[in-house]
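Asks:
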Amino acid sequence: MLEEKLDPGLTFSKVRAVVNGTIRCPTQARVYCSILHWDISIGNVMVDTSSMVRVIDWGYGKLLPDAGLTHEAAAHRRAVATKWQLEDMSILATSKAIHQSLTGTSLYMSIPVLCGAGVRGLLDDFESLFYVILHALSALENSKDPVICAFDFHESRNLAMVRTGCLASEACFLSFFGVTRCSDALHKLLCNLREYLFVSNGKYIAPDLVVDPCTPRGTDVQLLRGFIDEDMMSLLQDKETPLQT
9 MLEEKLDPGL
19 TFSKVRAVVN
29 GTIRCPTQAR
39 VYCSILHWDI
49 SIGNVMVDTS
59 SMVRVIDWGY
69 GKLLPDAGLT
79 HEAAAHRRAV
89 ATKWQLEDMS
99 ILATSKAIHQ
109 SLTGTSLYMS
119 IPVLCGAGVR
129 GLLDDFESLF
139 YVILHALSAL
149 ENSKDPVICA
159 FDFHESRNLA
169 MVRTGCLASE
179 ACFLSFFGVT
189 RCSDALHKLL
199 CNLREYLFVS
209 NGKYIAPDLV
219 VDPCTPRGTD
229 VQLLRGFIDE
239 DMMSLLQDKE
249 TPLQT
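If you want the working numbering, it's the 1-based position in the sequence shown plus 8.
1) What distance in whole Å lies between the Cβ atoms of V140 and H49, which are believed to be in contact at a cut-off of 8 Å?
2) Which of the three DSSP states is assigned to V55 in this structure?
3) Rounded to the nearest angstrom, how far is the Cβ of P221 from that of C123, given a contact under 8 Å?
4) How long is the line joining the alpha carbons of R62 and S177, rounded to whole angstroms?
5) Measure the alpha-carbon distance for S146 versus H195 and round it to whole angstroms.
6) Who are the Cβ neighbours of A37 in its own chain at under 6 Å, not counting the five residues just before and after it?
7) For R24, which option in L217, L201, S242 has the closest C-alpha, if you only look at C-alpha atoms?
8) For S114, does the three-state DSSP call read helix, strand or coil?
9) If the criterion is Cβ atoms closer than 8 Å, does the pair A144 and F185 meet it?
10) Just confirm the distance between the C-beta atoms of L197 and L182, as a whole number of angstroms; I'd bet it's less than 8 Å.
11) What residues in its chain sit with their C-beta under 7 Å from that of G69, if we drop five residues either side in the sequence?
12) Only counting the same chain, and skipping five residues up and downstream in sequence, which positions put a Cβ closer than 7 Å to that of L251?
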């Protein structure tokens with residue numbers, strides 16, 4: 009599991025590898041094979057001693073319409089679908105996957121999903137990754153496992169509203185997630201991820217996501233420069249890459 013693999017002495021390099029690898033895996037699955045993971049959680053992100061990241065347990069994954077896939081991608085898609093017995097969403101007229109409230113791990117679900125979003129997409133997986141990293145870092149600092157405000161789950165919408173409050177201030181959001189000691193480089197990475205997910209045109213939009221889970225996110229991929237590989241930068245910048253569906 010991720011929190012067992014993070015070495016405090018290598019935290020920034022490890023977290024950067026996790027960000028790059030965990031963004032890469034579901035993005036490539038979505039773009040090249042029309043598959044959504046739907047359950048990015050701390051138990052499903054594995055990091056080996058060389059910082060190679062693997063996203064495992066695709067059992068909650070969903071198959072989206074596969075029009076336009078290459079022969080190789082279609083074959084890979086069928087192999088993954090067979091292995092994990094994935095639910096086929098291809099019967100839908102669009103690529104919008106209907107939300108199922110019990111699908112995934114609640115503690116790492118995005119704010120829109122917690123609030124009953126009718127569709128799910130890559131950005132929901134990216135937000136789950138954000139919470140996975142914060143939870144792993146918190147576990148490093150808090151060996152006695154105290155109750156951390158942002159990880160105190162009681163009910164889905166309640167957690168969404170708590171998270172909205174916890175993330176409101178860039179200056180202190182990390183403390184609400186139990187992260188108080190990190191390098192300047194790691195602090196910048198976490199702040200940039202927060203801005204990428206929750207700030208649009210200078211406005212903090214988490215409250216809007218609670219009220220309307222389908223609120224568009226004006227993601228600025230430049231915030232991820234230096235934290236993900238250039239090929240992933242190009243893929244996320246591509247207007248054809250479906251981030252929200």
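Glycine residues also receive a C-beta, built at the ideal position from the N, C-alpha and C atoms. Note that the structure is a prediction, hence the values are computed from the model and not measured.
Replies: So, from the data block:
1) As a working mapping, residue 49 is identified with position 41 in the sequence shown. As a working mapping, residue 140 is identified with position 132 in the sequence shown. A quick correction: the sequence has Ser, not His, at residue 49. That pair is a contact at about 6 Å.
2) Residue mapping note: residue 55 aligns to position 47 of the sequence shown, counting from 1. Under the three-state reduction of DSSP output, V55 falls in the strand class.
3) Residue numbering aside, residue 221 sits at position 213 when the sequence shown is read from its first letter. Residue numbering aside, residue 123 sits at position 115 when the sequence shown is read from its first letter. Confirmed, about 5 Å.
4) Taking the first residue of the sequence shown as 1, we reach residue 62 at position 54. Taking the first residue of the sequence shown as 1, we reach residue 177 at position 169. If I take the Cα positions, the gap works out to 32 Å.
5) As a position in the sequence shown, residue 146 is number 138, starting the count at 1. As a position in the sequence shown, residue 195 is number 187, starting the count at 1. For S146 and H195, the distance between alpha carbons rounds to 13 Å.
6) In the sequence shown, the residue the question calls residue 37 occupies position 29. Excluding residues within five positions, the ones whose Cβ falls inside 6 Å are I43.
7) Position 16 of the sequence shown, counting from 1, holds the residue named residue 24. For R24, the closest C-alpha among the options L217, L201, S242 is that of L201.
8) Translated into the one-based positions of the sequence shown, residue 114 becomes position 106. S114 falls in the helix class under three-state DSSP.
9) Locating residue 144 in the sequence shown gives position 136, where the first residue counts as 1. Locating residue 185 in the sequence shown gives position 177, where the first residue counts as 1. Against a cut-off of 8 Å, the Cβ pair of F185 and A144 comes out as no contact.
10) Along the sequence shown, read from residue 1 onward, the residue named residue 197 stands at position 189. Along the sequence shown, read from residue 1 onward, the residue named residue 182 stands at position 174. Rounded to the nearest angstrom, the Cβ distance from L197 to L182 is 11 Å, too far for a contact under 8 Å.
11) Taking the first residue of the sequence shown as 1, we reach residue 69 at position 61. Exclusion of the five residues before and after G69 leaves I43, L44, H45, W46, W92, L94 as the residues of its chain whose Cβ lies within less than 7 Å of its Cβ.
12) Counted from its first residue, the sequence shown places residue 251 at position 243. For L251, where only same-chain residues beyond five positions count, the Cβ hits under 7 Å are G129, L130, L131, T227.
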